[in-house]
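*Asks:*
Residue numbers (our numbering), protein chains in the order written: chain A, 7 to 406; chain B, 7 to 194.
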C-alpha cells in the first residue's frame, strides 16, 4: 500500500515535490515570475539534503534548456521550468530537444507575452510552442500538477516515444493558489513507478558511440522528422498506459480529457487549465436552473486527443470552446477551437463549434462568465446563426 | 446522494507587511489538516509594504474546483481598520460577518460599518501582537478572532498550522497570539 501525506501546496510547490520524488538528476533554470518559486523550492530540497541533483545556474532560459539538452544526451533525468518570455527565449532549443528525441520534462506556469508587459496569466506562451513537437499537458488542479509531472517521465522516457514533455498550469491562478495535494510519504513508491532506464539509443556513451544533432541532408531529413510524427502517434497509446498504471498503483485516475454532466447535455463548454474548474462549477449552477449544459476539460494538448473528444462531443448540439490565447489575423482565433472545428470537418450532424476567447492577461473569469457564455451560445443555437468569428468575451468597448 | 456542499468564503484585507496572505494560507492549511477541502490565494497585484493587500480562503466539505476570485464573501477579516470601508465591504453577503482589528466595541464598529444585517466582531489585535510577538504583525491574532466568531476550523488545527509555518519560538509566540486573541474577541 502506497502511503500519502496530504499537504497544502500551490501548484509551483506541487511541481517541486514531484521533481524531488522523481529523483531528477540535473536541473537548470532561470528565474521568471510566476515560475520562480518552483526552482526556489527545489533548491531548498537540495540544500536540506532531501534529494540529490546537480543544479546548474545559467544566465538565461536559452542556456537552461541547452544545458539540459547536453545532460539528457548524457543519459541524465532532467528538469526545468519557465514561463512567458523565458519560454520564448527557449524556443530555438525546444525544437532541438524534440528533434534530438530527448526526454526532457519542463513545467510551465503560463503567463501572457510582452508587449505591453504583463506578468499575469494567459496561455499565449504555451500556445506559441504548438509546433515544437513537445508532448503538452495542461493541468487544472495542484494534484494534477504533481501526478502529471511524475507520469511525464514515464511517457517521455518510453523508447516508443522519446519526446520532451511540457506540463503547464495557470500562472498565479494556480501557481500561487494553495490546495490540498497528496504526495508520496515514501518517494521510493514513485521511483518504482518510473525507474530510470538506460536502454535509450540516443545516449552519448564512449563504449557505444553515436552522434546526436548532426547535419542531415535532404535524402534523409524528411524521414527523420516523420519519426516524430510516429512518436507523437505512439505517445497517445503510451500516455493511456501510463495513466492506467498510475491509477492501479496509486488509486488516482487521470485521463486526457474529463467530462462533467455530459450524458444529456445539449451544450458543452470546453476549456483547459485552472478555469476549467470554474466552468465545471458554473455547469452545476446552470443544471440547478434546468439548463442542459456539460463541461469538457482538455488535459492533453499535444498529441491532440481527437478520438476522445469526438466521442465526448458526439451528442451535443453545440460546443463553446473557451481559449486563453489569440492566434491573430484569423477569423477563428482560439487555438483549441481551431482543432475542435477540424475534428468535425465534413461530418454530418456535427456539433456547432463556437469560439470564445477569455481571460487574456488574467482578465477575471468567474462562474458568471461561463453562465453568460453558455446563455449566449444557446441563443446562437436557437437562432440558427453560429458566429463564423471568435467572440472576444469580456473585452471592454465591444458588443458581443 | 452527494453530501450537501457547505462552503465558507473568506476575504482578508490588510496592508503589505501585515501578513494577510500568510493568514489566508494558515487557515486553509488548518482546514486541510482536518480533512476538509480548502484553497488560499493572494490577490495577484504588486506586493509593496503598506499597500492594500487582499487574500482569500475557501473552505468546504466537498471538493473545490473553481479558481475564480471570491466576489461575494461570507466573511471579511480586516487587519487594518484605516482601509476604505467601501472596498472592505464590497460584495459581503447579507448576514455575513465582519471581523475587525479595532479597540472599539462591536456596537461602536457598527456605526462605522453601517450595515444592520452583518455580524461584527472586534479585537485589539495590535495590542495582542505587541504583547505576544513584540511587533504589530496582526495576522495570527486575527485568525484567532476569526475562528472565535466563525468556527470553520478548530483552534488546535490552526495552532498546528501556524507552528508548521513558523517553526520554533516564532511559532510558539504566534500560537500564544491566536489563543489570547481568541479569548478577548468581542462579538456583536
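Quick reminder that beta carbons are idealized off the backbone N, C-alpha and C, glycines included.
Would you report the Cα separation of residue 181 of chain A and residue 112 of chain A, rounded to the nearest angstrom?
*Replies:* To locate residue 181 of chain A, count along the first chain from 1; it is residue 175. To locate residue 112 of chain A, count along the first chain from 1; it is residue 106. Going by the C-alpha atoms only, they are around 15 Å apart.
*Asks:* Just list the beta strand (DSSP E) runs in the segment 59 to 121 of chain A, keeping only unbroken ones of 3 residues or longer that don't cross its boundaries, in chain order.
*Replies:* As far as the segment 59 to 121 of chain A is concerned, its whole beta strand (DSSP E) runs of at least 3 residues are 60 to 63, 84 to 88 and 111 to 116.
*Asks:* Using the three-state DSSP reduction, which class does residue 175 of chain B fall into: helix, strand or coil?
*Replies:* Here residue 175 of chain B refers to the residue found at position 169 of the second chain. Of the three classes helix, strand and coil, the one that applies to residue 175 of chain B here is helix, per DSSP.
*Asks:* Given residue 75 of chain B, which residues of its chain have a CB within under 6 Å of its CB, disregarding the five upstream and five downstream residues?
*Replies:* Counting from 1 along the second chain, the entry for residue 75 of chain B is found at position 69. Nothing listed; no residue qualifies.
*Asks:* By the three-class DSSP mapping on this structure, what secondary structure does residue 209 of chain A have?
*Replies:* Indexing the first chain from 1 puts residue 209 of chain A at position 203. Coil at residue 209 of chain A, not helix or strand.
*Asks:* Within its chain, find whatever has a CB closer than 8 Å to the CB of residue 416 of chain A; leave out the 5 residues flanking it on each side and keep chain order.
*Replies:* This structure gives no information on residue 416 of chain A, because the portion of chain A shown stretches from 7 to 406.
*Asks:* Could you check the C-alpha separation between residue 393 of chain A and residue 347 of chain A for me, to the nearest Å?
*Replies:* Here residue 393 of chain A refers to the residue found at position 387 of the first chain. Here residue 347 of chain A refers to the residue found at position 341 of the first chain. Using only the alpha carbons, I get a separation of about 13 Å.
*Asks:* Would you mind stating whether residue 29 of chain B and residue 148 of chain B have Cβ atoms separated by less than 8 Å?
*Replies:* Position 23 of the second chain, counting from 1, holds the residue named residue 29 of chain B. Position 142 of the second chain, counting from 1, holds the residue named residue 148 of chain B. The answer is yes: Cβ separation under 8 Å.
*Asks:* Can you tell which of A:267, A:132 and A:79 has the C-alpha that lies nearest to the C-alpha of residue 116 of chain A?
*Replies:* By one-based count along the first chain, residue 116 of chain A stands at place 110. When only C-alpha atoms are compared, the closest one is A:132.
*Asks:* Please tell me whether, using a cut-off of 7 Å, the distance from the CB of residue 187 of chain A to the nearest non-hydrogen atom of the ligand ATP is below it.
*Replies:* As for the ligand ATP, it is missing from this structure, which has no ligand bound.
*Asks:* Going along chain A, which residues have a C-beta under 8 Å from residue 35 of chain B?
*Replies:* Reading the second chain from its first residue, position 29 is the one you call residue 35 of chain B. Within 8 Å Cβ-Cβ: 14 and 184.
*Asks:* For a test of the three-state rule: what should DSSP assign to residue 7 of chain B, helix, strand or coil?
*Replies:* Taking the second chain and counting its residues from 1, the one referred to as residue 7 of chain B is at position 1. Residue placement at residue 7 of chain B is poorly supported in this model, since its pLDDT is 41, which falls under 50; the coordinates still yield a value, given next. Residue 7 of chain B falls in the coil class under three-state DSSP.
*Asks:* As a quick exercise: from A:264, A:336 and A:70, pick the residue whose alpha carbon is nearest that of residue 311 of chain A.
*Replies:* Locating residue 311 of chain A in the first chain gives position 305, where the first residue counts as 1. For residue 311 of chain A, the nearest C-alpha among the options comes from A:264.
*Asks:* Just tell me which of B:62, B:31, B:174 and B:67 has its CA closest to the CA of residue 94 of chain B.
*Replies:* Locating residue 94 of chain B in the second chain gives position 88, where the first residue counts as 1. Selected option, being the one with the closest Cα: B:62.
*Asks:* Residue 281 of chain A touches chain B at which residues, Cβ-Cβ below 8 Å?
*Replies:* Numbered from its first residue, the first chain carries residue 281 of chain A at position 275. Residues of chain B passing the Cβ test: 73 and 74.
*Asks:* Is it true that the CB of residue 132 of chain B sits closer than 8 Å to the CB of residue 106 of chain B?
*Replies:* Within the second chain, residue 106 of chain B is the residue found at index 100, counting from 1. Within the second chain, residue 132 of chain B is the residue found at index 126, counting from 1. Result no, Cβ atoms of residue 106 of chain B and residue 132 of chain B do not sit closer than 8 Å.
*Asks:* Quick one: measure Cβ to Cβ for residue 284 of chain A and residue 340 of chain A, integer angstroms, because I've assumed they're closer than 8 Å.
*Replies:* Residue mapping note: residue 284 of chain A aligns to position 278 of the first chain, counting from 1. Residue mapping note: residue 340 of chain A aligns to position 334 of the first chain, counting from 1. Not really, about 17 Å apart at Cβ, beyond 8 Å.
*Asks:* Which ranges would you report for the beta strand (DSSP E) in the segment 255 to 319 of chain A if only whole runs of at least 3 residues count?
*Replies:* Entirely contained in the segment 255 to 319 of chain A, the beta strand (DSSP E) runs reaching 3 residues are, in chain order, 263 to 266, 273 to 277, 299 to 304 and 306 to 308.
*Asks:* Between residue 21 of chain A and residue 187 of chain A, what straight-line distance do the alpha-carbon atoms span, to the nearest angstrom?
*Replies:* As a working note, residue 21 of chain A is residue 15 in the first chain. As a working note, residue 187 of chain A is residue 181 in the first chain. Each residue's Cα considered, the two are about 11 Å apart.
*Asks:* Using a Cβ cut-off of 7 Å, pull out every chain A residue sitting near residue 77 of chain B, in sequence order please.
*Replies:* Here residue 77 of chain B refers to the residue found at position 71 of the second chain. Those within 7 Å of residue 77 of chain B in chain A are 372.
*Asks:* Could you name the residues of chain B that residue 292 of chain A contacts, counting a contact when the two beta carbons are closer than 9 Å?
*Replies:* Residue 292 of chain A sits at position 286 when you count from the first residue of the first chain. Here the premise fails: no neighbours, minimum Cβ distance about 14 Å.
*Asks:* Output needed for residue 7 of chain B: all residues of its chain with C-beta closer than 7 Å, excluding positions within five of it in sequence on either side, in chain order.
*Replies:* For the purposes of this step, residue 7 of chain B is taken as the residue at position 1 of the second chain. Any reading at residue 7 of chain B is ruled out, since the residue's pLDDT is 41, under 50, leaving its predicted position unreliable.
*Asks:* Whole angstroms is fine: what's the gap from residue 122 of chain A's alpha carbon to residue 171 of chain A's?
*Replies:* Start at 1 with the first residue of the first chain, and residue 122 of chain A comes out as number 116. Start at 1 with the first residue of the first chain, and residue 171 of chain A comes out as number 165. In a straight line, the C-alpha of residue 122 of chain A is about 29 Å away from that of residue 171 of chain A.
*Asks:* At a Cβ threshold of 8 Å, is residue 184 of chain B touching chain A?
*Replies:* Here residue 184 of chain B refers to the residue found at position 178 when the second chain is read from its first residue. Closer than 8 Å: no.
*Asks:* Output, in chain order, the set of chain B residues within a Cβ distance shorter than 7 Å of residue 39 of chain A.
*Replies:* In the first chain, the residue the question calls residue 39 of chain A occupies position 33. Correct list: empty, because the minimum Cβ distance to chain B is about 10 Å.
*Asks:* Once DSSP output is grouped into helix, strand and coil, what is the label at residue 385 of chain A?
*Replies:* If you number the first chain from 1, residue 385 of chain A lands on position 379. Residue state, collapsed to three classes: helix.
*Asks:* Report yes or no: is there a C-beta of chain B within less than 8 Å of the C-beta of residue 330 of chain A?
*Replies:* Position 324 of the first chain, counted from the first residue, corresponds to residue 330 of chain A. For residue 330 of chain A, the answer is no, since every Cβ of chain B falls outside 8 Å of its Cβ.
*Asks:* Starting from residue 10 of chain A, follow the beta strand (DSSP E) in both directions and report where the run begins and ends.
*Replies:* Translated into positions along the first chain, residue 10 of chain A becomes position 4. 10 to 16 is the extent of the beta strand (DSSP E) around residue 10 of chain A.
*Asks:* Do you know how far the Cα of residue 105 of chain A is from the Cα of residue 77 of chain B?
*Replies:* Along the second chain, read from residue 1 onward, the residue named residue 77 of chain B stands at position 71. Along the first chain, read from residue 1 onward, the residue named residue 105 of chain A stands at position 99. Approximately 47 Å between the Cα atoms of the pair.
*Asks:* Any residues in the segment 163 to 196 of chain A with a beta carbon nearer than 8 Å to a beta carbon of chain B? Which ones, in chain order?
*Replies:* From the segment 163 to 196 of chain A, only 176, 178, 179, 180, 182, 183, 184, 185 and 186 have a Cβ closer than 8 Å to chain B.
*Asks:* Are the segment 352 to 372 of chain A and the segment 323 to 342 of chain A touching by the rule of at least three beta carbon pairs closer than 8 Å?
*Replies:* They touch, by the three-pair rule.
*Asks:* Are the CB atoms of residue 37 of chain B and residue 16 of chain B within a distance shorter than 8 Å?
*Replies:* Locating residue 16 of chain B in the second chain gives position 10, counting from the first residue. Locating residue 37 of chain B in the second chain gives position 31, counting from the first residue. The answer is no: Cβ separation not under 8 Å.
*Asks:* For a contact defined as C-beta to C-beta under 7 Å, what are the partners of residue 287 of chain A on chain B?
*Replies:* If you number the first chain from 1, residue 287 of chain A lands on position 281. Simply 71 and 72.
*Asks:* What is the rounded straight-line gap between the Cα of residue 68 of chain B and the Cα of residue 155 of chain B?
*Replies:* Here residue 68 of chain B corresponds to residue number 62 of the second chain, with the count starting at 1. Here residue 155 of chain B corresponds to residue number 149 of the second chain, with the count starting at 1. Straight-line Cα distance between these residues: approximately 22 Å.
*Asks:* With DSSP run on the structure shown, which of helix, strand or coil describes residue 331 of chain A?
*Replies:* What you label residue 331 of chain A is simply residue 325 of the first chain in a count that begins at 1. Reduced to three states, the DSSP call for residue 331 of chain A is coil.
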